[in-house]
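This report refers to the structure that appears directly beneath it.
2 protein chains.
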Amino acid sequence: MKERKRKYFHPIEVTLDVVCGKWKGVILCLLQERDFRFGELKDQLSSVTPKVLTQQLRELEEDGLIARTVYPQVPPKVVYSLTSYGKELEETLRMMEKWGRAHQKKVGENYNKEVSEAGLS
Amino acid sequence: MKERKRKYFHPIEVTLDVVCGKWKGVILCLLQERDFRFGELKDQLSSVTPKVLTQQLRELEEDGLIARTVYPQVPPKVVYSLTSYGKELEETLRMMEKWGRAHQKKVGENYNKEVSEAGLS
DNA sequence: CTGTATCCGGGCCGATACTG
DNA sequence: CAGTATCGGCCCGGATACAG
Chain W
1 MKERKRKYFH PIEVTLDVVC GKWKGVILCL LQERDFRFGE LKDQLSSVTP
51 KVLTQQLREL EEDGLIARTV YPQVPPKVVY SLTSYGKELE ETLRMMEKWG
101 RAHQKKVGEN YNKEVSEAGL S
Chain R
122 MKERKRKYFH PIEVTLDVVC GKWKGVILCL LQERDFRFGE LKDQLSSVTP
172 KVLTQQLREL EEDGLIARTV YPQVPPKVVY SLTSYGKELE ETLRMMEKWG
222 RAHQKKVGEN YNKEVSEAGL S
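So, in structure tokens, the structure goes:
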């Protein structure tokens, strides 16, 4: 569904490759709290369409971050949860959350757009 | 150059929005070590084209993560360095690096593709 | 050395409708 | 309830050439 690079030049590319999807960060943060059903996730991410949500979830699953548990009943019930690999991201996610909260107002404001000029080297 | 979302539903989106570019993670990791000139970055990221490298750097600059210092001389010399905001990402980047190194072999291998079925809820 | 300018293909993501 | 199917726009990122 999503082709991963075979070769990475730097380990951080692995993490970013896996976490950089429109909704993946929030999904992973939510799943740190507790397990979620498909519909619950859809409610939390109010503007996501079912197709895209499914895509994001499938990719996270393929990359081993989350698990999908199907309860065979009618109507169907599907629960998403973190795997141990996903849980190991918890600290990282928390730090990203913290940084984001701290700098939310700064991002994209061009607050340092003045050109800095230094003397000769 | 790159439009940022006005509203974020979750703080982690801010961080991901800023860090998710093809070369941004590696660039930020490199700059943790020391300052780099444009050409040095180009050498480290062997397959990047100057246009794309410039784009990535400009966006990081707009978002306040890095600073661009021009030495007015011939031939020109431009040095990129972390701002204090960029430095605050250091711990986060290190953790992403660590997770990536640990799970590089797992990612994209579909190692848990078997369907898990649970009993009735 | 440090970039711009131009062209362009592919993939991410959304809208909408339909299904077991 | 938890998804598929289909269509399509936009923008990211690469190729290539050129510039101060």
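Sequence lines, in order, name chains W and R. Residues 1 to 121 (the numbering used here) make up the first sequence, in order. Residues 122 to 242 (the numbering used here) make up the second sequence, in order. Note that CB positions come from ideal geometry on N, CA and C, so glycine has one too.
Below-8 Å beta-carbon distance, residue i vs any chain R residue
i: W/Gln56; result: no
i: W/Gly86; result: no
i: W/Thr49; result: no
i: W/Leu89; result: yes
i: W/Gln32; result: no
i: W/Val19; result: yes
i: W/Tyr111; result: Low per-residue confidence applies at W/Tyr111: pLDDT is 42, beneath 50, and the placement is therefore not dependable, though the value from the model is reported in the following sentence. It does: the Cβ of W/Tyr111 has a partner Cβ on chain R nearer than 8 Å.
Contact with chain W by residue i, beta-carbon distance below 8 Å
i: R/Leu162; result: no
i: R/Val199; result: no
i: R/Arg158; result: no
i: R/Leu174; result: no
i: R/Leu203; result: no
i: R/Met217; result: yes
i: R/Ser237; result: Model confidence at R/Ser237 stands at a pLDDT of 44, short of 50, so the residue's coordinates are unreliable; what they give is reported in the following sentence. R/Ser237 counts as touching chain W.
i: R/Leu137; result: yes
For residue i, the residue or residues it bridges with in DSSP
i: W/Ser84; result: In the DSSP output, where bridge partners are listed per residue, W/Ser84 has none listed.
i: R/Phe157; result: R/Tyr201
i: W/Arg68; result: W/Tyr80
Proximal chain R residues relative to residue i, where beta-carbon distance stays under 9 Å
i: W/Phe9; result: Val147, Gln165, Leu166, Ser167, Ser168
Proximal chain W residues relative to residue i, where beta-carbon distance stays under 7 Å
i: R/Leu214; result: Ile12
- Task: Note down, in chain order, all residues in the region 177 to 197 of chain R with a beta-carbon under 8 Å from any beta-carbon belonging to chain W.
- Result: For chain W, the residues of the region 177 to 197 of chain R that bring a beta carbon within less than 8 Å of one of its beta carbons are Glu182, Glu183, Asp184, Gly185, Ala188, Arg189, Thr190, Val191, Tyr192, Pro193, Gln194, in chain order.
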